[in-house]
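Novice:
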Amino acid sequence: MSVSSNILKENSRDLLREEEPGDAEVEFPIDDEDEDFSITSIRIVLVDSDPESLCLMKNLMTQFSYQVRDFKNGAEAIAFLMMSKHEIDLVIWDFHVPEINGLEALKTIGKEMDLPVVSM
1 MSVSSNILKE
11 NSRDLLREEE
21 PGDAEVEFPI
31 DDEDEDFSIT
41 SIRIVLVDSD
51 PESLCLMKNL
61 MTQFSYQVRD
71 FKNGAEAIAF
81 LMMSKHEIDL
91 VIWDFHVPEI
101 NGLEALKTIG
111 KEMDLPVVSM
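As C-alpha cells, then:
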C-alpha cells in the first residue's frame, strides 16, 4: 500500500468506508454555506499503481467536483498528457509507478509541458 493511502487512512479514519476489501470510499461532508463554491473547471491527472490509493484519491477529488483522469501506469499517463497538456491543470504522480516513475515523469513533464506536478 502506498504512502498516500496510509496518510489518508491515519488522518481520516472516520471518513473511510470500505464496502468490500479493496473497494474503499472517502466521504467528506460539505457545509451548507459552501454550496455555492464550485471548482468543476479544475482538471487533474492522477497516477498511482496502487488501486486502493487511486480509488481513495479519485473519490476524494470527485466529491469536490474536480475532473479527474486516473492512470495506473506511467507510460499511459504521459501519452495522455502529451495529447491534452493544455487541458490539464495539475498532475499528481506516485513516485513508484511502473514504466515511468515519478522522477522520470517530472523530467518529461518539466521539459515537454508547463504543468504543476505533485509527486508523492
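Note that UniProt numbering has the sequence shown beginning at 1, numbered continuously upward. Just so you know, even glycine gets a beta-carbon here, dropped at the ideal spot from N, CA and C. Remember, predicted model here, so these are calculated numbers, not experimental data.
1) Run the CB neighbour count on Leu103, radius 10 Å, all protein chains shown included, and call it buried at 16 or more, exposed below.
2) What would DSSP say about Ile78, mapped onto helix, strand or coil?
3) Is the beta carbon of Val45 closer than 8 Å to that of residue 121?
4) Taking just the CA atoms, how far does Arg69 sit from Met120?
5) Please state whether DSSP places Ser119 in a helix, a strand or coil.
6) For Leu60, write down the residues that DSSP places opposite it in a beta bridge.
7) Residues in the same chain with beta-carbon distance under 6 Å from residue 126, minus the five sequence neighbours each way, listed in chain order, please.
Specialist: According to the structure shown:
1) By 1-based counting over the sequence shown, the position of residue 103 is 103. Result: exposed.
2) Within the sequence shown, numbered from 1, the residue matching residue 78 stands at position 78. Note: Ile78 maps to helix in three-state DSSP.
3) Summary: the structure shown does not reach residue 121, with the chain confined to residues 1 through 120, and so no result is reported for it.
4) For this step, residue 120 is matched to residue 120 along the sequence shown. For this step, residue 69 is matched to residue 69 along the sequence shown. One C-alpha to the other measures close to 17 Å.
5) For the purposes of this step, residue 119 is taken as residue 119 along the sequence shown, with counting starting at 1. Strand, per DSSP.
6) Taking the sequence shown and counting its residues from 1, one reaches residue 60 at position 60. Leu60 is not bridged to any residue.
7) Residue 126 is absent from the model: the chain starts at 1 and stops at 120.
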